[in-house]
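Heads up, the thing below is written out as structure tokens.
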Amino acid sequence: MGDPKASPMSTESQLTRLGLFDAKVPRYTSYPTAPHFNASVDDGDFAGWIDQIEPGSQISLYMHIPFCRRLCWFCACRTQGTRSDAPVRAYLDTLKDEIAMLGRRLPRGVTLSRLHWGGGTPTLLTADMMKELTEATFAIAPMHEDGEFSVEIDPNEIDAARLDVLAAAGMNRASIGIQDFDPQIQSVIGRIQSYDITREAVDMIRERGIDSLNADILYGLPHQSNERIAESVQKLLSLSPNRVALYGYAHVPWMSRRQSMIPAEALPSPEARLKLYETAKELFLWDGYREIGIDHFARETDGLTRALDSGRLRRNFQGYTDDTAPALIGLGASSISKFPQGFAQNLSGTSDYTARIRDGRFATGRGHVFTPEDNMRSRMIEQLMCEFRISTAEITETFGISKSELNRMFAEVAERFAGFVDLTNEGLVVPEHGKPLTRMIARGFDAYDLSKAGHSSAI
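Here the sequence shown stands for residues -2 to 456, numbered as in this note's numbering.
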């Protein structure tokens, strides 16, 4: 096989041969991935796993607010539109009941290492609702002194009163979705959000002493070109976020019917998608950001960068994180929790979720109990996704697999991705030119049926 670094054209042809531009693979924010969850995990398991949390330890808490004032067509999240506050109020009351149920089971002295509000649009809560939710949360567990309280903020759905409540409650990281600043692209994906209104939201956030800012931007959108994404990235850079997620748009109208509003014929080809990513990546690196995993960029002072340098970088349902708490508990409809024992996901429909909580039971609808092999493969995949390597020493010492058996697994993957994977005395390494294949390489260590729905393009 020729040298994959010989030229951009030869590299692209070899990536084509390996299936990069055709493959549908998981994003590996969990292992096993959510399509493999089943109903064998119920509310009894969830309650038992809470009971086993160590007293005085730290946990992470995720709150899901599934409502939006408008439904963006590109989004595949579990959300529902509402023009009225009435369903939001009813949902909040149920969520507060769930929080109280959790509080009655949490061991003594537990604190929060992370608190994150996601959606949907958490900032469509009124200021009074936000105050109620933070008070209910901190009544069961206070923030740890080094904890992080982050909120996903829609610049179209935020004002000074709501930001005042969040700042007073201790929010110290804000996350803003941008997607793309081009007006035509915004119109086609159903997300109108001007640069000016985004800039105004960022200014209001920083005026309240909230210095940590995340931003999301998408590549692979309809009508996107290298020139257009470069312009959007440059506008984003003028806002100087601490951390950026550069996600590939996943067109899955069979999973999210609203995406049928997006003209598939206007989507870039897989090869063009890769060029869009590379264009944006070069601009972030040029501006001094560090590359974090497969789709994040961060300033040198950001927690993700420090975590990468110290070997603490992790990956969960929210993407890359520097949080190492052993339990992440998800509250609200469809939320997913991760415990050392396994995953537990709440019922997805808000009516089903509400009925379960009103019955005085946790809303767990499905999940997965980890096996020893799950734990080993999960860590191998996480190492690949975070550090582009798998450490032989860590895997053999932690999980008891023999070096010869691990080398056999490495050899099988290295043979398939010859020239894009290196085997060393320390383990398996993905070199720079192999990074576009990382998710496909990770798939080589996935023991589950990969025909399950829900996977997205490999780039």
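Note that beta-carbon positions come from the ideal geometry of N, C-alpha and C, so glycine has one too.
Alpha-carbon to alpha-carbon, residue j and residue i
i: I182; j: L122; result: 28 Å
i: A295; j: L233; result: 13 Å
i: Q221; j: S57; result: 37 Å
i: R240; j: D292; result: 11 Å
i: A390; j: G424; result: 8 Å
i: M(-2); j: S448; result: Unreliable placement is indicated for M(-2), whose pLDDT of 36 sits below 50; the coordinate value is still reported in the next sentence. Computed Cα separation, rounded: 30 Å.
i: K128; j: T134; result: 10 Å
i: A212; j: S399; result: 42 Å
i: T351; j: K93; result: 11 Å
i: N223; j: S10; result: 20 Å
i: P1; j: L403; result: Bear in mind that a pLDDT of 46 at P1, under 50, signals an unreliable position, so the model cannot answer this.
i: R170; j: M140; result: 14 Å
i: A3; j: E429; result: At A3 the pLDDT is 45, less than 50, meaning the model places this residue with poor confidence; the figure from the coordinates comes in the next sentence. If I take the Cα positions, the gap works out to 13 Å.
i: T30; j: M168; result: 30 Å
i: L328; j: E204; result: 30 Å
i: R353; j: P84; result: 17 Å
i: G53; j: D143; result: 15 Å
i: S37; j: D125; result: 39 Å
i: I150; j: D371; result: 35 Å
i: V426; j: Y28; result: 20 Å
i: F359; j: S331; result: 12 Å
i: I175; j: I214; result: 5 Å
i: C72; j: G41; result: 33 Å
i: S229; j: V162; result: 31 Å
i: A44; j: T302; result: 35 Å
i: L109; j: Q55; result: 5 Å
i: G117; j: L68; result: 9 Å
i: E95; j: K335; result: 17 Å
i: H365; j: P32; result: 10 Å
i: G308; j: T395; result: 15 Å
i: A136; j: Q231; result: 42 Å
i: A97; j: G357; result: 11 Å
i: M373; j: S388; result: 12 Å
Beta carbon of residue i nearer than 8 Å to that of residue j
i: D514; j: L325; result: What is shown of the chain runs -2 to 456, which leaves residue 514 out entirely.
i: L243; j: A277; result: yes
i: I62; j: P23; result: no
i: M382; j: T298; result: no
i: F417; j: G431; result: yes
i: E103; j: F146; result: It is worth fixing the name first, because residue 103 is Leu in this sequence and not Glu. Not a contact, by the Cβ cut-off of 8 Å.
i: Y25; j: A439; result: yes
i: I173; j: L210; result: yes
i: I194; j: P260; result: no
i: I289; j: F314; result: no
i: F34; j: R363; result: yes
i: L99; j: I47; result: yes
i: S454; j: G316; result: no
i: T347; j: Y59; result: no
i: P177; j: L218; result: Note that residue 177 is Asp in the sequence shown, not Pro. The answer is yes: Cβ separation under 8 Å.
i: L236; j: R287; result: no
Local Cβ density within 10 Å of residue i, reported as buried at 16 or more and exposed below that
i: M252; result: exposed
i: N343; result: buried
i: S368; result: Note on identity: in this sequence residue 368 is Thr, with Ser being the wrong assignment. Per the 10 Å Cβ criterion, exposed.
i: C282; result: For clarity, residue 282 is Leu in the given sequence; the question names Cys instead. By the 10 Å Cβ count, L282 comes out exposed.
i: A411; result: buried
i: P5; result: Confidence in P5 is poor, its pLDDT being 49 and thus under 50, which makes the residue's placement too unreliable to answer from.
i: I189; result: exposed
i: T321; result: exposed
i: P433; result: buried
i: G206; result: exposed
i: Q256; result: buried
i: D446; result: exposed
i: E379; result: buried
i: G300; result: buried
According to DSSP, residues forming a beta bridge with residue i
i: C72; result: In DSSP, C72 forms no bridge with anything.
i: N211; result: S172 and R240
i: L234; result: The partner list for L234 (beta bridge, DSSP) is empty, contrary to what the question assumes.
i: E149; result: S172
i: I96; result: Paired residues: none, contrary to the question.
i: M60; result: W114 and L328
i: E535; result: What the structure shows of the chain is the stretch from -2 to 456, and residue 535 is not part of that stretch, so it cannot be assessed.
i: V185; result: The partner list for V185 (beta bridge, DSSP) is empty, contrary to what the question assumes.
i: N313; result: G316
i: Q77; result: F64
Cβ-Cβ separation, residue j to residue i (assumed contact under 8 Å), whole Å
i: A166; j: T131; result: 4 Å
i: L273; j: Y192; result: That pair is no contact at about 19 Å.
i: R376; j: I392; result: 7 Å
i: D39; j: T361; result: 5 Å
i: M201; j: L160; result: 6 Å
i: P238; j: I456; result: No, P238 and I456 are not in contact; Cβ-Cβ is about 23 Å, not under 8 Å.
i: R80; j: R66; result: 7 Å
i: A138; j: V107; result: 5 Å
CB contact below 8 Å: residue i versus chain D
i: R170; result: Included in the structure is just one protein chain, with no chain D present.
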